[in-house]
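Chains as they are written, first to last, in the working numbering: chain A, 17 to 449; chain B, 2 to 297; chain C, 1159 to 1435. Idealized CB from N, CA, C, for every residue including glycine. One structure is given below, encoded as structure tokens.
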Amino acid sequence: MKWGKVRKGTALLLSGICMSSMILSGCSTAEEDAGAGQETEQEEVSADTEITVYTPAINEDEYGKEFKKYVEENLDFKVNFEAEPLLYADTVNKATTMLASGDDSVDVYFIDEIMQLSFMSADFLEPIEDVVTEEDMSEFLEGYEDKFLKKDGHIYGVPADFAGILFFVNKKMFDDADIAIPTDQEEFIDAAKKLTKDGKYGLLEAWDKASHLQDNLNRWCLMFGGNFYDWTLDGTKEAIKFMYDLVHTYKVTSIDNLSVDYETGNQKFVDGNAAMYFQWAGSVPSYENAGKYGSEIICAPMPEFKTNKTPMSSWMWVVNKKSSKKEAAKEYAKLMASPEAQALYMKACGRLSPTANLDVWNDAELTDGLLTVEEHKQYVEDDAFEARTLSERHSEYMDTVTGTLQEYLMDEISYEECLEKGQQQIDELLGKN
Amino acid sequence: MKRKITLSRRKTIFAWMCVLPVLVIRLWTTAYPVVAMSYYSLLDYDLIRRKKEFAGLQNIRNLAKNKQFLESLSFTVKFTMISICFIIVLGVALALLMKQNFGGRKLIRTVALIPWGLSMIVVSIAALWAFDDTYGIVNDLIRRIGFEGYHFTWLADKSGAQVAVIIVNIWKNVSFFAIIMLAAFQGIPGELFESARIDGASNWKILFHVSLPYVMRTFIIMIIFVGVSQINSFEIVYAMTKGGPGTTTSLLAYRLYMEATKNMNYGMASAITMVMFLVTAVYGIIGLRIYRKVDY
Amino acid sequence: MKMPKRKSAVLWIFTIIVGFIIMWPVYWIVKSSFTKQIDLFKSPIEYMPVNMTLDNYRQLMDAAGLTDYLKGTILITAASLFLSVFLCALAGYGFARCQNKGINIAFAFIMFSTMIPGTVTVIPLMTMWRRMGLSDTFSGLTILYFSLLIPFSTVMYAGFISQIPPSLEEAARIDGATMFGAFTKVILPLLKPIMATLSIINFITCLNEFFIPLMFTTKNVKVMSLLMSSIPKLNQYQMPWGAISAAGCLMLLPAILFIVIFEKNIMGGLMMGSIKQ
């Protein structure tokens, strides 16, 4: 066979494919344009209505059953819970692809702040302020709503959990060395140095590239009064230098942190490989399961560097704009804002951090079974929490900017190069909007 | 081959009827998506900015200037070449071992396919732990066989991460190559070996002058298919390193995933897809040309 | 034919080395599936199982709707396996026996259609699938699975059939068989080795396929490769590695069973040899 002949024929075949595709796609192309603003036909809410809610797997235990029963009793339509994929990456992939293709098979999604910002921008979500009012929102922590739930005067989501990055210390190591838990920068460095010995480190950091390094960068920036989206600020520069110094100057933490994610980090911390660890409150069940929380590992107040600020975050319920049962979906979202539903859901999916609805926090009955409620109360009292400053392009940030930071931490580029390249990447990604 | 003319036409029609069901299904599931994707690659199509307008070759031009993209391209080539070479050599060796008629044949044939049969999620999570310095079985083994003080955090080191990713990839994919080569080797007529032996050929000579030439077509096809799947694979990288540290292990397919699902920039993602297709197509055309030339 | 002892010993040594490289991580995965969550990660690593537990498997068995997952996998895998064995062999026959421009282009198309990564193309495909009412249905999934198997199987069959001398079917045709009859009676039986191999490969591919069900199923169809989603996480940051490894082992069982059953069919050299001219 001659290849030349094939090439001629390939052109023929390709044009044939084009023709057939045009016929196929000709039916309607508008639907494909997500966010084109086409109204989908709405079903009336009745007892036969069924909505599909996409959530992390709900436990098959008492808590799970209780939550499902609560939903069933309080809504006069049926709610099907479908489990999100195990890996976060797959969840993002699936949710984004379905929404981008205009899919209506899922009515309510459970997403994080990063997805929330890009989904709001892409007009994937239905405003819900006609059902979930400002009054409902007043029960949640202030300042959060404007950053993540509102856009152009509309409300787009109901937050579910509330978790901050807390300061965990291995009390046993501190007691054995007879050192007090640090409250400011000087004490912090001092304690970290003293506790770095016998193959153990004073500090453990999760610097894996995914979300972990940017979380820590964010926190150090807050602590030094900077902002991780602005590398020209002195606070940010100081924070970046400090992270480098932790490894190379003070030598109180290992460069191996670059491969530590929250999961391996938690394991190391439970095994007593390090004395101090800043970590999301959601990890406490791991310490609890290992029988270490309270006895060996405890939560201490944030040490005050320039500030004592630390990031907080929550996941939220949102309604698919293409859903054909928006009314029912909104009612579900409203129910999820109620104190009972919030507490029940936290327990049902094993995410035992406090709820976003602050009314729950003082209700002993509802908080029974939740972890770190008192710790969070203390942090709120100390005014330590700050909602994260993210952008629609935060995933790109996590890929490019943190990559640059990793290079600096590995000593492959200089401090100046790092600052310049990082800021350039930030400008680039913010400039895309 | 010469056939009678009257018969030849009927044969052609019959051949088309044989091919048709498969062709229709394949066209049905790929034609429209591919055409749509090619069209997107010419658009400035970004859902976050809510933009969808014609931009011509702007996406491709942007890619050519994008340093990270070029880095990804070079690592992808490296990753693919190294993986392929090892997969071919180890795969043929494993196939030859599985072909031997000895007591352990059934055992080795079953065992060999296990890595390929394991689900990707399980392998990737296991791999993440396996290369950990403290809890990983890799360093543990190295320490046990006599290097007691050995400490190395594979995934926190640039070349370490690249090597680890490639090792896992090879481990997972060799058996697929091997089992197909086994089937091909099994198709070699026994007489060929016997006559070669009578001529006094050594085992190596038989391998290179009898066995491999006989299975050359399958061999080339396998190199094409495995190569393509290497170029398009990213799950291992996603789970193990997220493209890090830095951008050292960002495969093209991983960059594509980031651009499409995370940045929702479908114009750019389509352009990356087109580049990947062109790279694989060149690879495939070369392979197919050799395939056509080989006639045993 | 008896093998010299020395050769056999060398082969065993190689088998043990290969077996170790493969089974050593696999052993760790299997061991994990029988280990309690708190004993999973130890340094140095405990290779001997202590405190074995079936909890992880029990958790999977209790997972909501396990039977749905089983049903989906069996139905879709069986259907696409059946289709691929027959239709791809038929197509391979067409490609191997007829060489003209059109057929060659079709062959090239089938090969090149695998070279396009699915991350972007999945969106138009999803739109089309929904419009046709195939999203989240068994038939829709089966078509996609089958389509996934086509390129490799077809090309493999074509390569294999092209090594069978055409004189065989011509003889059958002279005896009065139709073209189709010649294919089913003469060619198909000769394909046993490659059919066994491809069935094993395709079975494992279907069993482990993740991307298609991830994207195209929501509530009506469930397959085993998504079973892991139904395992609740221990908390936001901790993977239930015990249960995940148990799910992996559970999926490996049918694959191993399939290999053991079909392994002996891979051997076909003698028969093929006798027909090669």
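(request) Under 8 angstroms by Cβ, that's how I've got Ala-400/A and Trp-296/A pegged, so tell me the actual separation to the nearest angstrom. (result) A Cβ-Cβ separation of about 14 angstroms leaves Ala-400/A out of contact with Trp-296/A under the 8 angstroms criterion.
(request) Would you check if the distance between the CB atom of Arg-409/A and the CB atom of Leu-446/A is smaller than 8 angstroms? (result) Here Arg-409/A is near Leu-446/A, since their CB atoms are less than 8 angstroms apart.
(message) Looking only at its chain, what residues have a beta carbon closer than 6 angstroms to the beta carbon of Ser-271/B, apart from the 5 residues adjacent to it on each side?
(response) By the criterion of a C-beta distance shorter than 6 angstroms, Ser-271/B is surrounded in its chain by Met-38, Tyr-41, Ser-42, once the five residues flanking it on both sides are discounted.
(request) Verify the CB distance criterion: does Asn-1393/C have a CB-CB separation below 8 angstroms to chain A? (result) At least one beta carbon of chain A lies nearer than 8 angstroms to the beta carbon of Asn-1393/C.
(request) Classify Gly-159/A as helix, strand or coil using the three-state DSSP reduction. (result) In the structure shown, Gly-159/A sits in coil (DSSP, three-state: anything other than H, G, I, E or B).
(message) Just to confirm the assignment, what range does the beta strand (DSSP E) spanning Val-295/B have?
(response) Val-295/B -> no beta strand (DSSP E), and no H or E assigned at all.
(request) Can you check DSSP and say which residues form a bridge with Tyr-70/A? (result) For Tyr-70/A, which the question treats as bridged, DSSP gives the partners Glu-98/A, Tyr-125/A.
(message) Give me the residue from Glu-76/A, Asp-250/A, Lys-284/A, Phe-83/A with the minimum Cα distance to Tyr-348/A.
(response) For Tyr-348/A, the nearest C-alpha among the options comes from Phe-83/A.
(message) Could you tell me the alpha carbon to alpha carbon distance between Lys-1434/C and Gly-1317/C, rounded to whole angstroms?
(response) Per-residue confidence for Lys-1434/C stands at a pLDDT of 42, beneath the threshold of 50, marking its modelled position as unreliable; the derived number appears in the next sentence. The alpha-carbon atoms of Lys-1434/C and Gly-1317/C are separated by roughly 15 angstroms.
(request) List the endpoints of the continuous beta strand (DSSP E) containing Met-332/A. (result) Counting along the chain, the beta strand (DSSP E) containing Met-332/A begins and ends at 332–335.
(request) Counting only the same chain and skipping the five closest in sequence on each side, list residues whose C-beta sits under 6 angstroms from that of Tyr-160/A. (result) Cβ-Cβ distances below 6 angstroms link Tyr-160/A to Ala-403 in the same chain, with the five nearest sequence neighbours on each side left out; the list follows chain order.
(request) Could you tell me which of Ser-230/B, Leu-95/B, Asn-63/B sits nearest to Thr-111/B, measuring between CA atoms? (result) Residue Leu-95/B holds the alpha-carbon nearest to the alpha-carbon of Thr-111/B among Ser-230/B, Leu-95/B, Asn-63/B.
(request) Report yes or no: is there a C-beta of chain C within less than 8 angstroms of the C-beta of Trp-296/A? (result) Output row for Trp-296/A: interface = yes.
(request) Closer than 6 angstroms by C-beta to Glu-48/A: which residues in its own chain qualify, once you throw out the five before and the five after it? Chain order, please. (result) Here Glu-48/A scores only 46 on pLDDT, less than 50, and its place in the model is too uncertain to base an answer on.
(request) Mind checking the stretch 1363–1387 of chain C against chain B and listing, in chain order, the residues whose C-beta falls within less than 8 angstroms of any C-beta there? (result) Contact residues of the stretch 1363–1387 of chain C toward chain B are Leu-1365, Asn-1366, Phe-1368, Ser-1383, Met-1386 (C-beta to C-beta distance below 8 angstroms).
(message) Please identify the residue among Lys-253/A, Thr-371/A, Leu-165/A whose C-alpha is closest to the C-alpha of Asp-384/A.
(response) Nearest option by C-alpha distance: Thr-371/A.
(message) Is it buried or exposed, Ala-1236/C, if we count other Cβ atoms within 10 angstroms and call 16 or more buried?
(response) Its Cβ having fewer than 16 others within 10 Å, Ala-1236/C is exposed.
(request) Per DSSP, which residues does Ile-171/A bridge with? Please list them. (result) Answer is Lys-166/A.
(request) Compile a chain-ordered list of the residues in the stretch 1391–1423 of chain C whose CB is closer than 7 angstroms to at least one CB of chain B. (result) Listed in chain order, the positions of the stretch 1391–1423 of chain C with a beta carbon within less than 7 angstroms of a beta carbon of chain B are Met-1397, Trp-1399, Ile-1402, Ser-1403, Gly-1406, Met-1409, Leu-1410, Ala-1413, Ile-1414, Ile-1417, Val-1418, Glu-1421.
(request) Could you pull the start and end residues of the beta strand (DSSP E) that Gln-295/A belongs to? (result) For Gln-295/A, the uninterrupted beta strand (DSSP E) run begins and ends at 290–296, by DSSP.
(message) In this structure, how does DSSP classify Met-426/A when only helix, strand and coil are distinguished?
(response) Looking at Met-426/A - three-state DSSP - the assignment turns out to be coil, as it is neither helix nor strand.
(request) Please work out which residues of its chain come closer than 6 angstroms, Cβ to Cβ, to Gly-1431/C, disregarding the five sequence neighbours upstream and downstream, and give them in chain order. (result) Only weak support is given to the placement of Gly-1431/C: the predicted model assigns it a pLDDT of 39, under 50, and the question is left unresolved by the model.
(request) State the start and end residues of the unbroken beta strand (DSSP E) segment that holds Asn-186/A. (result) According to the DSSP assignment, Asn-186/A belongs to the beta strand (DSSP E) that extends over 179–186.
(message) Quick check: what's the CA-CA separation for Lys-209/A versus Tyr-293/A?
(response) Computed Cα separation, rounded: 14 angstroms.
(request) In the DSSP assignment, find the alpha helix (DSSP H) that holds Pro-327/A and state where it starts and stops. (result) Unbroken run through Pro-327/A is the beta strand (DSSP E), 326–329; no alpha helix (DSSP H).
(request) Pick helix, strand or coil for Ser-1377/C, following the three-state DSSP scheme. (result) It is worth fixing the name first, because residue 1377/C is Lys in this sequence and not Ser. It is coil, neither helix nor strand.
(request) Determine the direct distance from the alpha carbon of Leu-141/A to that of Ala-50/A, and round the result to whole angstroms. (result) Below a pLDDT of 50, predicted positions are generally treated as unreliable, and Ala-50/A, at 43, falls in that range; the measurement from the model is reported next regardless. Approximately 11 angstroms between the Cα atoms of the pair.
(message) Using a Cβ distance threshold of 8 angstroms, determine whether the stretch 229–247 of chain A contacts the stretch 187–196 of chain A, with at least three qualifying pairs required.
(response) Taking 8 angstroms as the limit for Cβ pairs, the verdict is that the stretch 187–196 of chain A does not touch the stretch 229–247 of chain A.
(message) Between which residues of its own chain and Ser-41/A is the CB-CB distance below 6 angstroms, once the five residues before and five after are set aside?
(response) Bear in mind that the predicted position of Ser-41/A carries a pLDDT of just 47, short of 50, making it unreliable; the figure below should be weighed with that in mind. Non-local C-beta neighbours of Ser-41/A in its own chain, meaning closer than 6 angstroms and more than five positions away in sequence, are absent.
(request) Could you tell me which uninterrupted beta strand (DSSP E) segments, each at least 3 residues in length, are contained entirely in the stretch 1257–1282 of chain C, listed from first to last along the chain? (result) Those beta strand (DSSP E) runs which fall completely within the stretch 1257–1282 of chain C and span 3+ residues do not exist here.
(message) Is the beta carbon of Leu-257/B closer than 8 angstroms to that of Pro-1449/C?
(response) Not covered by the structure: residue 1449/C. The range shown for chain C is 1159 to 1435.
(message) Using 8 angstroms for Cβ pairs, my map puts Pro-1371/C next to Ser-1383/C. What's the rounded Cβ distance?
(response) With 8 angstroms as the limit, Pro-1371/C and Ser-1383/C qualify as a contact, their Cβ atoms being about 6 angstroms apart.
(message) Using only CA atoms, which one of Gln-439/A, Thr-388/A, Ser-330/A, Leu-368/A lies nearest to Gly-173/A?
(response) Cα-wise, what sits closest to Gly-173/A is Ser-330/A.
(message) For Gly-1298/C and Trp-17/B, what's the separation of their Cα atoms in angstroms?
(response) Their backbone Cα atoms lie some 25 angstroms apart in a straight line.
(message) Give me the DSSP bridge partner(s) of Gln-1396/C.
(response) In DSSP, Gln-1396/C forms a bridge with Asn-1393/C.
(request) Report the rounded CA-to-CA distance for Ile-237/B versus Ile-1268/C, giving the unit in angstroms. (result) The straight-line gap separating the alpha-carbon atoms of Ile-237/B and Ile-1268/C is approximately 27 angstroms.
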